[in-house]
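J.: Protein chains in written order, with our numbering: chain R, -19 to 118; chain L, -19 to 118. Here a beta-carbon is modelled for each residue, glycine too, at the ideal position from N, C-alpha and C. Encoded as structure tokens, here's the structure I'll be asking about.
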DNA sequence: CCAACTGTACTACATAGCATAGTACAGTTG
DNA sequence: CAACTGTACTATGCTATGTAGTACAGTTGG
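Here's what the structure looks like:
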């Protein structure tokens, strides 16, 4: 599920937040789905429980998950909608990177081609993946 | 010239590196141009000399500038060409961000529009700006 | 009821990166 | 030779990150 790169300059807890966002957007995590427990993830990812909790807290703060003490942590009802709004910021990042490409003399068609390619590849298959596998006991 | 944001999570020395890259790409800094001295920049930007030097070292390591002890620091001959190669990485970043936008259900036309807009705006006016202003004495 | 799970809240500690401060040395230039 | 240039140190402080351990309260299934 999660892929943590401890060598990355991106903090571990932030990697977890980002990846969770992607799972929600991709439909791998659906509204109401239960997220693996702090202690479970801690063992699975070989990361300290506190680090996991920090990620969960951030996801909670962003309104993407709802924590229920004693029960677990669940994907919020409006998580996907919230993310759609947030991800609009990507357009600004794309603008910045494109500006550098203009300066560097890279052809416009190269940039357009990348965008087209991504849309063609992903257009048909959205949100058709399996949720977390059975967490069993523990 | 340089705009440093001390509140940013991006380190100051990295901001200097990035901005210098942009100046080179934009033609504000041309091959052979002299970069303001460490002590000069240190005062101008209200940044410690060591921080400036760290940025210079990084630019040197990337082959964008050549330091000459006693004389100064100059934009390398092939700096612009080198950057053109490096900036191709932006295409990968754009790919990632676009993938998220697909997931979030943002329309392809919105993305394309941003790219088109940037190219239309910058296409005509490339590399027509003033270099560093007279450094005078000191 | 109770053991075992769940989230949450602490304190303490270690480490790394960033930035500052001050000093020192060597090359260049007018 | 004075004043600039880049470079190389050491030392210090701060912050973010991550780890470690403990504790408490709610939930659940046997």
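1) At 8 Å on the CB atoms, spell out the chain L contacts of residue 78 of chain R, in chain order.
2) Since residue 84 of chain L meets chain R, which of its residues come closer than 7 Å, beta carbon to beta carbon?
3) Would you grab the beta carbon distance between residue 95 of chain R and residue 95 of chain L for me? Rounded to a whole angstrom, and I think it's under 8 Å.
4) Look at the Cβ atom of residue 55 of chain L, then the Cβ atom of residue -4 of chain L, and state whether they are nearer than 9 Å.
5) For a quick check, are the C-beta atoms of residue 60 of chain R and residue 25 of chain R less than 9 Å apart?
6) Measure the alpha-carbon distance for residue 11 of chain R versus residue 39 of chain L and round it to whole angstroms.
7) Count Cβ pairs between the stretch 66 to 77 of chain L and the stretch 28 to 35 of chain L that sit closer than 8 Å; are there 3 or more?
8) By the 10 Å Cβ neighbour count, where 16 or more other Cβ atoms means buried, how is residue 1 of chain R classified, buried or exposed?
9) Spatial neighbours of residue 35 of chain L within its chain, please: CB distance less than 6 Å, with the 5 preceding and 5 following residues excluded, ordered by chain position.
10) Please report the residue range of the beta strand (DSSP E) in which residue 55 of chain R lies.
11) So residue 122 of chain R contacts chain L; which residues on that side make the cut at Cβ distance below 7 Å?
12) Rounded C-beta distance between residue 102 of chain L and residue 79 of chain R? I'm assuming under 8 Å.
13) Check the Cβ of residue 102 of chain R against every Cβ in chain L and list those closer than 7 Å, keeping chain order.
14) Would you mind giving the Cβ-Cβ distance between residue 17 of chain L and residue 52 of chain L, rounded to the nearest angstrom? I have them listed as a contact below 8 Å.
15) What is the rounded straight-line gap between the Cα of residue -13 of chain L and the Cα of residue 91 of chain L?
16) Alpha carbon to alpha carbon, how far is residue 33 of chain L from residue 57 of chain L? Give it in angstroms, no decimals.
17) Take the Cβ of residue 84 of chain L as the centre, count every other Cβ of all protein chains shown within 10 Å, and call the residue buried at 16 or more, exposed below.
18) Would DSSP call residue 10 of chain L helix, strand or coil?
19) Cβ closer than 9 Å: which chain R residues qualify as neighbours of residue 90 of chain L?
20) List the whole-angstrom C-beta distance separating residue 73 of chain R from residue 88 of chain L, where the pair is believed to meet the contact cut-off of C-beta under 8 Å.
T.: Judging by the given coordinates:
1) For the C-beta of residue 78 of chain R, the chain L residues within less than 8 Å are, from N- to C-terminus, 70, 74, 94, 95, 98 and 99.
2) In chain order: 5, 63, 64 and 67.
3) Between residue 95 of chain R and residue 95 of chain L the beta-carbon gap is near 7 Å, inside 8 Å, which marks them as a contact.
4) Judged by beta-carbon spacing, residue -4 of chain L lies beyond the 9 Å limit of residue 55 of chain L, meaning their Cβ atoms are not closer than that value.
5) No, Cβ-Cβ distance for residue 60 of chain R and residue 25 of chain R is not below 9 Å.
6) Residue 11 of chain R and residue 39 of chain L have their C-alpha atoms spaced approximately 47 Å apart.
7) The way I'd put it, the stretch 66 to 77 of chain L doesn't touch the stretch 28 to 35 of chain L; fewer than three beta-carbon pairs between them come closer than 8 Å.
8) The residue in question, residue 1 of chain R, is buried, as its Cβ has 16 or more Cβ neighbours within 10 Å.
9) Closer than 6 Å at Cβ, skipping near neighbours: -7, -4 and -3.
10) Where residue 55 of chain R is concerned, the enclosing beta strand (DSSP E) starts and stops at 52 to 55.
11) It is not possible to answer for residue 122 of chain R, since the shown part of chain R is limited to -19 through 118.
12) Their Cβ separation, rounded to whole angstroms, is 7 Å, which keeps residue 102 of chain L and residue 79 of chain R in contact under 8 Å.
13) Within chain L, the residues 79 and 82 have their CB atoms less than 7 Å from the CB of residue 102 of chain R, given in chain order.
14) By a beta-carbon distance limit of 8 Å, residue 17 of chain L contacts residue 52 of chain L. Their separation comes to about 6 Å.
15) The alpha-carbon of residue -13 of chain L is positioned some 30 Å away from that of residue 91 of chain L.
16) For residue 57 of chain L and residue 33 of chain L, the distance between alpha carbons rounds to 21 Å.
17) By the neighbour-count definition (other C-beta atoms within 10 Å, threshold 16), residue 84 of chain L is a buried residue.
18) Look at residue 10 of chain L here: in three-state DSSP terms it is coil, with no helix or strand label.
19) In chain order: 68 and 71.
20) Contact between residue 73 of chain R and residue 88 of chain L does not hold, since their C-beta atoms are separated by about 17 Å, which reaches or exceeds 8 Å.
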